[in-house]
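Written below as structure tokens is the structure these notes are about.
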Amino acid sequence: MEINIQKGETTTITLKGQLDTLTSADAEKEISPILESNVKEIILDCAELDYISSAGLRLLLIIQKSMAAHKGIFRLIHTKQEIRDIFNLTGFSSILNIE
Amino acid sequence: MCHTLYIKNELSELARLYDFIDQHVAPCIANKQTVAQVKLAIEELVTNIILYAYGEQKNQTIQIEMECQGKRLKITVTDSGIPFNPLEKKDPDLSLSLEDRPIGGLGIFLVKQLMNEVYYERSSEKNIFTMIKDLS
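Quick note, the sequences are listed as chains H and X, same order. Oh and the first sequence: position 65 is 305 in my numbering, straight run, nothing missing. Oh and the second sequence: position 104 is 198 in my numbering, straight run, nothing missing.
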């Protein structure tokens, strides 16, 4: 999986490939410093995110909780249908801002 | 057609599991979405076994067997860890708000949702978990 981070007041994270147990652990290491920096907005570009397992959902939940705690915004954009299906199945559709 | 993979109880072994799924499981399934669902179910189950079945013991074996029976795919995962029936675990409450949602607890729920049939058996000091996906 490739992860690309463009930092700013709005930080855009682009994920390409699969967010599984192994890659989620790597992604969390890269994303944690951003959450600690109290960034105002994080956009997750999911245009090329093909697969997500519960480890990936866990990471998204961590990001969402962290942003909510300091009144920041976390949005997912360009989410593929297969990923939306998993979000619907797990109730994550009502927890995340999915576009 | 039947294929078997043996892995150790380490998360790094998941890479071998993904390769096994790509090489032997995916070719049996015409629909891309179904491949993703099966892959997800296998990943969830095996990850749980790696993390919890053997306690502190290292270098323990987990067996993953796949059998393609035409319109049916059968996956059997066997370990010699502590007796544990994942199906006894309560489903997570999906209606909880963000603040109340615990981090974790979705793995087995996803297995049950994504596979058509799931079975657990404890036999000869092994946990045997079987999952069936209807491919028709």
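Note that CB positions come from ideal geometry on N, CA and C, so glycine has one too. On a predicted model such as this, the values are computed, not experimentally measured, just so you know.
Would you be able to state if there are at least three C-beta pairs under 8 Å between the region 287-305 of chain H and the region 131-150 of chain X?
Short answer: they touch.
With a threshold of 7 Å on Cβ separation, who are the neighbours of X/N153 within its own chain once the five nearest residues in sequence on each side are excluded?
Closer than 7 Å at Cβ, skipping near neighbours: K102.
What are the residues in the region 298-318 of chain H lying within 8 Å of chain X by C-beta distance?
Contact residues of the region 298-318 of chain H toward chain X are R298, L301, I302, Q304, K305, A308 (C-beta to C-beta distance below 8 Å).
Return the CA-CA distance between X/E219 and X/S174, expressed in angstroms with no decimal places.
Our two residues, X/E219 and X/S174, have alpha carbons roughly 6 Å apart in a direct line.
Which residue or residues does DSSP assign as beta-bridge partners of X/V212?
In DSSP, X/V212 forms a bridge with X/M225.
What residues of chain X sit near H/T330, judged by a beta carbon separation below 9 Å?
Result: P186, L188, L200, F203, L204, Q207.
Taking beta-carbon pairs under 7 Å, can you tell me which members of the region 248-267 of chain H lie near chain X?
Within the region 248-267 of chain H, the qualifying residues are D260, T261, L262.
Is H/S272 close to chain X? Criterion is C-beta to C-beta, closer than 7 Å.
Answer no: the Cβ-Cβ gap between H/S272 and chain X never drops below 7 Å.
Measuring CA to CA, which of X/S189, X/N221, X/T170, X/M225 is closest to X/V205?
Here the closest residue by C-alpha is X/M225.
Span of the beta strand (DSSP E) holding X/V140?
Counting along the chain, X/V140 falls outside any beta strand (DSSP E), though it belongs to the alpha helix (DSSP H) covering 126-146.
For X/K133 and X/I115, which I take to be in contact (beta-carbon distance under 8 Å), what is that distance rounded to the nearest angstrom?
So it is a contact: roughly 5 Å between Cβ atoms.
When DSSP labels each residue in this structure, what does H/Q321 get in the three-state scheme?
For H/Q321, the three-state secondary structure derived from DSSP is helix.
Within chain X, partners of H/I335 - CB distance below 7 Å:
Neighbours of H/I335 in chain X, taken as residues at a C-beta separation under 7 Å, are given in chain order as L192, R195.
Tell me whether H/M307, by its Cβ, gets closer than 6 Å to a heavy atom of the ligand GDP.
Absence of the ligand GDP is noted for the structure shown, with no ligands found whatsoever.
Where the alpha helix (DSSP H) containing H/E270 begins and where it ends:
Looking at the DSSP string, the run of the alpha helix (DSSP H) that includes H/E270 is 261-276.
Enumerate in chain order the residues of its own chain whose CB-to-CB distance from H/N278 is below 8 Å, with the five nearest sequence positions on each side excluded.
Hits under 8 Å: H310, G312.
On the three-state DSSP scale, how would you describe X/E161?
Of the three classes helix, strand and coil, the one that applies to X/E161 here is strand, per DSSP.
Would you report the Cα separation of H/Q246 and H/L289, rounded to the nearest angstrom?
If you take the alpha carbons of H/Q246 and H/L289, they lie about 17 Å apart.
So, for X/I197: in the same chain, excluding its five sequence neighbours on each side, which residues have a beta-carbon less than 6 Å away from its beta-carbon?
No residues qualify anywhere along the chain.
Looking at H/L316: is its Cβ nearer than 7 Å to the Cβ of H/L284?
Contact flag set, yes.
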